[in-house]
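Peer 1:
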Amino acid sequence: MNSAAKTKKLERKLKKLQHTVLRETGMSCDLTPTKNIVICNAGLVNGLSEEAIYKHFSQHGILENILLLPGKSCSFVSYTKLQSACNAFETFNGKLNIAQDNKPVYLLYTSSLPVVETSKTWKNLPPGLLILEDFVTDEEETELLKLCDFEKDSNGMKNRQVKHYGYEFRYDTNNVDKDKPLNEAIPDACNFLWNRLSNTYGLDFHPDQLTVNHYSAGQGIPHHVDTHSAFEDPIVSLSLQSSVVMEFKLDNQHLCVLLPRKSLAVISGESRYDWTHGITPRKFDVVYTNNNFTALERATRTSFTFRKILQGECRCSYKSKCDSYSKQVNASIENDAASRLEKLHVHEVYENIASHFSDTRHKPWPNVLEFVQSFDTGSILVDIGCGNGKYLGQNTSSFSVGCDQSTGLINVCKDRGFEVFTGNCLSVPLRDDIADGVISIAVIHHLANEDRRLQAIKEMVRVLRVGGQALVYVWAKDQCKNEEKSSYIKQDRRNRKCKDITSRDGAVDNEVSVLQGVSLPVHTNRTQFKHNDVLVPWKLKGRSESDNVFLRFYHVFQENELPGMCRELSNVEVVKSYYDQGNWCVILRKV
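Taken in order, the sequence shown gives residues 0 to 590; the numbers are from numbering that gives the first Met the number 0.
#1: Candidates Phe417, Gln404 and Phe398: which alpha carbon is nearest Asp435's?
#2: Would Val243 be called buried (16 or more neighbouring beta carbons within 10 Å of its own) or exposed?
#3: Can you tell me whether Leu124 is buried or exposed, with buried defined as 16 or more other CB within 10 angstroms of its CB?
#4: Taking DSSP's pairing of strands, which residues face Cys592 in a bridge?
#5: For Gln160, name the three-state secondary structure that DSSP assigns.
#6: Which two residues bound the contiguous alpha helix (DSSP H) that contains Ser83?
#7: Grab the span of the alpha helix (DSSP H) containing Arg464 for me, first residue to last.
#8: Determine, using beta carbons only, whether Arg306 and Leu239 come nearer to each other than 9 Å.
#9: Counting only the same chain and skipping the five closest in sequence on each side, list residues whose C-beta sits under 6 Å from that of Leu429.
#10: Below 9 Å between beta carbons: does that hold for Gln580 and Ser485?
#11: Among residues of its own chain, excluding the 5 on either side of Asn182, which ones have a beta-carbon nearer than 8 Å to its beta-carbon?
#12: Got a sec, what are the start and stop residues for the beta strand (DSSP E) His205 sits in?
#13: Just the C-alpha distance for Asp504 and Leu107, rounded to the nearest angstrom, thanks.
#14: For the alpha helix (DSSP H) containing Ser39, list its first residue and its last residue.
#15: Run through DSSP, which three-state label would Arg566 get?
#16: For the putative contact between Tyr617 and Leu66, defined by C-beta atoms under 8 Å, what is the C-beta separation to the nearest angstrom?
#17: If you pair each beta-carbon of the stretch 546 to 554 with each one of the stretch 366 to 373, do three or more pairs fall below 8 Å?
#18: In the stretch 263 to 320, which residue ranges form an unbroken alpha helix (DSSP H) of at least 4 residues, counting only runs that do not cross its ends?
#19: Please classify Tyr324: does DSSP put it in a helix, a strand, or coil?
#20: In the DSSP output, which residue or residues are listed as bridge partners for Phe398?
#21: Let me check understanding here. Comparing Cα to Cα, which of Phe247, Ala337 and Thr172 lies closest to Leu425?
#22: When DSSP builds the beta bridges, which residues end up paired with Ile440?
#23: If I measure Cβ to Cβ from Lys496 and keep anything under 6 Å in the same chain, skipping five residues before and after, which residues do I get?
#24: To the nearest angstrom, report how far apart Lys162 and Leu146 are at their CA atoms.
#25: Could you tell me whether the stretch 204 to 219 touches the stretch 305 to 320, using the rule of 3 or more Cβ pairs below 8 Å?
#26: Please list the terminal residues of the continuous alpha helix (DSSP H) segment that includes Leu143.
#27: Among the candidates Lys179, Pro180 and Phe204, whose CA atom is the shortest distance from the CA of Phe191?
#28: Among Asp477, Glu167, Thr120 and Val256, which residue has its Cα nearest to the Cα of Ile130?
#29: Could you please give me the residues that DSSP links to Glu458 through a beta bridge?
#30: Where do the ends of the beta strand (DSSP E) carrying Lys248 lie?
#31: For Arg415, which three-state DSSP category applies?
#32: For His554, list the residues DSSP reports as bridge partners.
#33: Taking 6 Å as the limit between beta carbons, can you name the residues of its chain near Ala84, skipping five residues before and five after?
#34: Residues in the same chain with beta-carbon distance under 8 Å from Gly46, minus the five sequence neighbours each way, listed in chain order, please.
#35: The alpha helix (DSSP H) with Leu368 in it runs from where to where?
#36: Quick check on the burial criterion: 16 or more other C-beta atoms within 10 angstroms. Buried or exposed for Gly201?
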């Protein structure tokens, strides 16, 4: 292809992408040079990262902004100087292979950047986090590093090497065995830290557990909250050899915090109990300071994390992530109590709302529909918890049968001509090994303890033939995945532009006594979930205010909780696990 033909092809490509960017972002873009460049065909949705943009585009000048939009296939980069933008444009347009499948990016200019309320910020610290810079001297850093020789120590993990003192921190359980102290206590060489912390900052802290982590450049740690019942408040971490960016997350908030070399991070209160923290694995961090982006290249880093073992259970007020609180609730909801809770706050509620509920459930979810329609002619499909039957009859070449606890919803199905019967998902009145496919959509999250949820999965597997598949959907605790809000959250128009979906109206979940000794929080509709076990209001129209609100019980699932339960069964293979509009989903195969 000659030069003129290539130019013509590029112009056609850019013209098409110009319309795509306008449709996706509302931003006009063209070939008129400005300081702002649009990367028209690469963004968050197809795998482009802030690091990749910085690595290449910073070669041509100081970057003022890098903007990746959630759910979009384009992105933006802004320079402090026009000439820098022009140089980058000429160098990279149609030539830089960082788009999906290693294809070239195509560029245009724009007069301004889109205004986006992003949850990611560099300007704030989570409440309770204190960063004490230059807490140790170079000489003290050298002496502390002599305590651990990681060159000889092979005790490593996937992301780092580790050494424990006082008590072993078990990464498989995210806890410690309080009854098994190690022979090696925290070295006396660390004692000066606590004297300095007390004398200089007035903080009284005397730990009895130390974990030393040795990170090679590029390694990180997954997001987590240190187990509440394992340690007291605070947790203190000393960064040696290299600086790093640690990220703190709470619901839809995302704070990036620079931990300079030789700094001490005191993680206490809300930041310790309610925010997750982690380090993203990468070779360098893109740091936003003084209104522009700079690169912080990572080197070998060692962290000393000090903790104090907690005797007894946690008594914090941050219940949503408190294992002690969860154990208390789970212990309260034994099978008999769970059955009574489900009767009051699931079965009876659906009998009262059956007609209104059915009126709100019309359109099948695309991924469920695809699963149902994937079965061959003559297949037997069972819908356990079929509701108003919206998935029955979607595969006309198969025989479909549904069951539900609610007689009101079963009657709706019968009126629509479907084959249905009344039944409980814990004991399905069907023979073993009869079904080619089973679906259970938004059902087992109504069961009040883990034993009952697992029993429901066992029943699905029991009625499946060997080789048959089941699709299970449950409500997710996280209603905002990859900065994209679920359809449940978006149903409230105020949430579509709202940065923080949990504090939009300042509502605090109230608790309601559901059984003797058992209280559960009442969830605020169209907001992020704060607790795993909740009561969710359903409001009926046309009735008095006092009579029109019904509270349904839900156990909302954490990531990996559902596939983890499924893998407890020896005759099950997890074919696929995924997130779909605020739900965790698995496809199982009986083996």
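By construction, the Cβ of each residue, glycine as well, lies at the ideal position given by its N, Cα and C atoms.
Peer 2: According to the structure data:
#1: Phe398
#2: buried
#3: exposed
#4: In the structure as shown, the chain begins at 0 and stops at 590. Residue 592 is therefore absent and cannot be evaluated.
#5: strand
#6: Leu81 to Phe91
#7: Where Arg464 is concerned, there is no enclosing alpha helix (DSSP H), although the beta strand (DSSP E) it sits in stretches over Leu463 to Trp474.
#8: no
#9: Val462
#10: yes
#11: none
#12: His205 -> no beta strand (DSSP E), and no H or E assigned at all.
#13: The predicted model places Asp504 with a pLDDT of 38, which falls under 50 and marks its position as unreliable, so this point remains unresolved.
#14: Ser is not the amino acid found at residue 39; the sequence shown has Cys there. No alpha helix (DSSP H) contains Cys39, which DSSP labels as neither H nor E.
#15: coil
#16: One cannot answer for residue 617 here, as it falls past the ends of the chain, which runs 0 to 590.
#17: no
#18: 268 to 272
#19: helix
#20: Ile379
#21: Ala337
#22: Tyr472
#23: Any answer about Lys496 is weak, because its pLDDT of 46 lies below 50 and its placement is not dependable; what the coordinates show is given next. None.
#24: 10 Å
#25: yes
#26: Asp137 to Leu144
#27: Phe204
#28: Val256
#29: DSSP lists no partner for Glu458.
#30: Val243 to Leu249
#31: coil
#32: Asp532
#33: Lys34, Ile36 and Tyr78
#34: Gln99
#35: Pro365 to Val371
#36: exposed
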